[in-house]
Amino acid sequence: MTLSGRVKLWLMAAVVLSTFGMSIVGSAVTRRVVLQGIEERVRALAGIVAAGISPDEVASIPPGDAAVGDPAFLRIEERLHSVVEVNADGASPVRFCYLLVPTRTGAVSGWDFAVDGEPRSSPAWDSPGRPFVVSSSIGDSAPIATARVISGRPFACFIEDPGGQWITGFAPIRTSRGDVVALVGADIPYGAYLAEVDQLLLVSLVASALISLLVFAGASLGFHRLLAPLERVRAFVAGVSEGRVEQRLAAAPSPEYAALYGALNSMADTLQKREEVVRQNLQLVRDVSKQQERLKSITQVDESLNQIQDIDILIERILAEARVLTRCDAGSVMLREGDDLVLSFVQNDTLAKRLEQGKSLIVKSLRIPVHGRSIAGYAARSGHTVVIDDAYAIPADKPYAFNQEVDHKSGYHTKSILSVPLRSSAGRNIGVLQLLNPLNEDGTHRVGFSPADLESIAHFASAATVALERAALTRSIVLRMISMAEMRDPSETGAHVNRVAGYSVILYEQWARRHALPKDRIQRERDLLRIVAMLHDVGKVGIPDAILKKPGRLTSEEYAVMKTHTIVGARLFGDRESALDQSAIDVALHHHERWDGGGYPGDVSVGDDQTGGAAARGGEGARMAGEAIPLFARIVAVADVFDALSSKRKYKESWPEERVLAEMKANAGTQFDPELVDILLERIEDIRAVSFRYESDPEPAIPPTVSGGSVQPAQQVAAPTRDPSPPPVAPS
């Protein structure tokens, strides 16, 4: 809005506010003045009438119906009626004039009508002149204040009854001794007062509005002529401040403004020449600042990646951070196994939005030959980053091609692709990071990855590769420990522990969301859980083969020894040097506890020699039940039994999924934490995806003991039939 417009607006607002303010104040003053005038009139009128009626006349009126024909009654009635007739006109007409006497019938008001100049409108008023009990028609709404009556002075008050609202004046009739024997009352309708005030208010508003219009019109014309040149200067300065230095002021309206206009135009010429230089410098500063921010972000991500110990959790985090760094819609990570690239993780925001709330993308493990014509395969074998602006317009002479069938199956449209090889410190290719469809800040698609994206992702890939090598070493150590257990108990295979770990992470994440845990805590604890869940039965290395590999049912003594694998496993991490050690102890020691307290080994300490002896005899310790069981142990208990029942073993076929879920539900609240079983059912599609990814190893020769014998595999049943869907986004 222009300066002139703002001044006009302020002026109008001031006039309107002052007008209405004066009107409101005037109305209040007028109401009070009129009310005081009416009160004074009705009070004086009641006093005049009271002066003309003697106390003896009042006393001579007989009570009840006999009063109607009494001469004194008729004289007083005539006087009151004449008062009403004489004062019936004017701005404040008198509607009623009447005589009140102290009640003789016990009316709650204390006073009764004795004589009235006009008939009342109440149904209790039978005929003019008939005595009327106030309480029978008005009730408690119009009692007369005794103290004011005894004072003997006329007074006025506001009364509301079924007949309307009234301003009433009262005057006492007193004996020579000063006793009050009656009251004269006069009523003026309150509406008459309101009508008079409203009329005055209307006249005041109309006059104020006319004055406001005249003042505003004159002031507006004067301000316009005065401020027009200044408005042109203001607009010019505002334009310069916004970067429009090409504008110029036209001829000045007067000599006073000519020098000012010339100086401003000269300033604009100088600014226009410097604008291009400033713009170029600013762009350089922005580019350097963005680059610094990217490098700082990569350094921070590098630190966070090196805190993650499990390789699966790490890969998922690497993919998420790479997508944030380049602001892209989708991506995947493939790890190299021999001459194949194995799809490990896929993320796709567009497809994720199409899913129902709580659902996740389900991707089955996929292998891509390194020596084929895939884009990812070429990046892996050549060691070169591949940048594609349009996947559907790749020249035919390129050594790679885009597989359009992937888009057709998933309903996704791939436009731009960035495939980055991940190489170890020794130069060996360990996988490929592939990113799809970069986005602008507002979420719209942009064409191709920028040079800044390529530079940033090159730094990021180096940091991610170092973290992957370290996590792979950790996974290798874990799998070696699992291999030791597998030599003793063939049921403890790599596929089994990977499935149990994968199921456990799914259960934990949903539980954490339900309980509103902070995001950083969820990230940290799911990493710990993924590793310790794989090591839940590592203590079986300490169980004799005669017991561990016995084909038949164990004796009670043998079963007691078997249960000590929880103590043995916990002692492997007894140093407690890290949160991982403590979590591993919790899972190894307590993953056979039951929700109802019937599991083992109970509330024991692995650092106590006496406890160790008790565990060797069967682990008799204090019972552990409900939420006293560590959360990670409760989670692994559900995941372990679910996988044992779902997997094929030497002594049984895999149970159908329906039967497994029914068995889990049947044991919720007794063997298992009921909330975790509920989560298992809720996230069954994600559970299936983990099962698809880690397919079973060759079936073991010796049957495992499942949850201390609480849930034992039954007769052989047919293996479940599954029809996995194709992955929603596969590498190119």
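Numbering (my numbering), first residue to last: 11 to 742. For glycine and all other residues, C-beta sits at the position ideal for the given N, C-alpha and C.
Next item on the list: Consult DSSP for I639 and reduce its assignment to one of helix, strand or coil.
Entry: Note: I639 maps to coil in three-state DSSP.
Notebook entry, point to check: Which one of I183, G31, D417 and Q533 has the shortest CA to CA distance from I318?
Noted result: Nearest C-alpha to I318: Q533.
Note to self: Less than 8 Å between the beta carbons of F652 and L690, yes or no?
What the structure shows: Yes, the pair counts as a contact, with Cβ atoms nearer than the cut-off.
Item checked: Backbone secondary structure at T178 - three-state DSSP -> DSSP, read as helix, strand or coil, puts T178 in strand.
Check: If you drop the 5 nearest sequence neighbours on each side, which residues of the same chain put their C-beta closer than 7 Å to that of C338?
Finding: Same-chain partners within the cutoff: L445, L446, N447, P448 and L449.
Checklist line | Span of the alpha helix (DSSP H) around E347 | finding: Unbroken run through E347 is the beta strand (DSSP E), C338 to E347; no alpha helix (DSSP H).
Note to self: With DSSP as the reference, identify every bridge partner of E170, one or two as the case may be.
What the structure shows: Paired residues: Q175.
Next item on the list: Give the secondary structure of V510 by DSSP, where H, G and I count as helix, E and B as strand, and everything else as coil.
Entry: In this structure, V510 counts as helix in the three-state DSSP scheme.
Item checked: Option in G608, A647, T574 and D650 with minimal Cα separation from S615 -> The residue among G608, A647, T574 and D650 with its C-alpha nearest the C-alpha of S615 is T574.
Next item on the list: Under 7 Å Cβ to Cβ from D322, same chain only, skipping five residues before and after it: list those, please.
Entry: Within the same chain, Cβ atoms closer than 7 Å to the Cβ of D322 are found at R540, the five residues on either side in sequence being excluded.
Notebook entry, point to check: Expressed to the nearest angstrom, what Euclidean distance is found between the alpha-carbon atoms of T576 and R698?
Noted result: Cα to Cα, the separation comes out at about 28 Å.
Checklist line | Where Q357 sits in the DSSP three-state scheme | finding: Strand at Q357.
Notebook entry, point to check: Would G549 pass as a contact of L582 if the rule is Cβ separation under 8 Å?
Noted result: Cβ atoms of G549 and L582: closer than 8 Å.
Item checked: Residues that DSSP places opposite D427 in a beta bridge -> In the sequence as presented, Asp is not what sits at residue 427; that position holds Ile. DSSP lists I398 and L446 as partners of I427.
Next item on the list: Would you mind giving the Cβ-Cβ distance between V442 and V646, rounded to the nearest angstrom? I have them listed as a contact below 8 Å.
Entry: So it is not a contact: roughly 33 Å between Cβ atoms.
Item checked: Option nearest I71 by Cα separation, candidates G31, I48, S354 and A124 -> For I71, the nearest C-alpha among the options comes from A124.
Check: So what's Y200 in DSSP terms, helix, strand or just coil?
Finding: Looking at Y200 - three-state DSSP - the assignment turns out to be helix.
Check: When DSSP labels each residue in this structure, what does D417 get in the three-state scheme?
Finding: Here D417 sits in helix by DSSP.
Item checked: Option in R490, E519 and R523 with minimal Cα separation from A507 -> For the sequence presented, residue 507 should be read as Val rather than Ala. Taking V507 as reference, the option from R490, E519 and R523 with the minimal CA-CA separation is R490.
Notebook entry, point to check: For F83, does the three-state DSSP call read helix, strand or coil?
Noted result: In this structure, DSSP gives F83 a helical state, which the three-state scheme calls helix.
Item checked: DSSP bridge partner residues for I183 (one or two, in chain order) -> Beta bridge pairing from DSSP links I183 with A192.
Notebook entry, point to check: Helix, strand or coil: how does DSSP classify I782 here?
Noted result: The chain is shown only over 11 to 742; residue 782 falls outside these bounds and no answer can be derived.
Check: Which residues mark the beginning and the end of the beta strand (DSSP E) in which I378 is found?
Finding: I378 -> beta strand (DSSP E) spans R377 to P379.
Next item on the list: For R659, write down the residues that DSSP places opposite it in a beta bridge.
Entry: According to DSSP, which records beta bridges pairwise, R659 is partnered with K662.
Note to self: Can you list, in chain order, the residues of its chain with a C-beta nearer than 6 Å to that of D683? Leave out the 5 residues immediately preceding and following it.
What the structure shows: So the list reads W605 and R644, once near-sequence residues are dropped.
Next item on the list: Taking all protein chains shown into account, decide if Q257 is buried (16 or more other Cβ within 10 angstroms of its Cβ) or exposed.
Entry: A residue is called buried once 16 or more other Cβ atoms fall within 10 Å of its Cβ, and Q257, having fewer, is exposed.
Check: Considering only the beta carbon of each residue, do T178 and G201 sit closer than 8 Å?
Finding: Going by C-beta atoms, T178 is not nearer than 8 Å to G201.
Notebook entry, point to check: For the alpha helix (DSSP H) that contains F702, what are its first and last residues?
Noted result: Unbroken alpha helix (DSSP H) run through F702: I694 to R703.
Next item on the list: For A401, collect the residues of the same chain with a Cβ closer than 6 Å to its Cβ; drop the 5 residues on either side in sequence, then sort them by chain order.
Entry: Contacts found: F412, T424 and I427.
Checklist line | Start-end ranges of the alpha helix (DSSP H) lying completely within the segment 521 to 553, minimum 4 residues | finding: Restricting attention to alpha helix (DSSP H) runs no shorter than 4 residues, the segment 521 to 553 encloses them at 529 to 544, ordered along the chain.
Item checked: Under the three-state DSSP convention, the category I404 falls into -> Secondary structure of I404 (DSSP, three-state): coil.
Item checked: V648 vs G512 beta-carbon contact at 8 Å -> For V648 and G512, no; Cβs fall outside 8 Å.
Checklist line | Of the residues M572, H546, D547 and V551, the one placed nearest I557, counting alpha carbons only | finding: I557 has its Cα closest to that of M572, out of M572, H546, D547 and V551.
Next item on the list: Return yes when the Cβ of Q282 is within less than 8 Å of the Cβ of V255, no when it is not.
Entry: The Cβ-Cβ distance between V255 and Q282 falls below 8 Å.
Notebook entry, point to check: Would R346 pass as a contact of N439 if the rule is Cβ separation under 8 Å?
Noted result: Yes, these two residues count as a Cβ contact at 8 Å.
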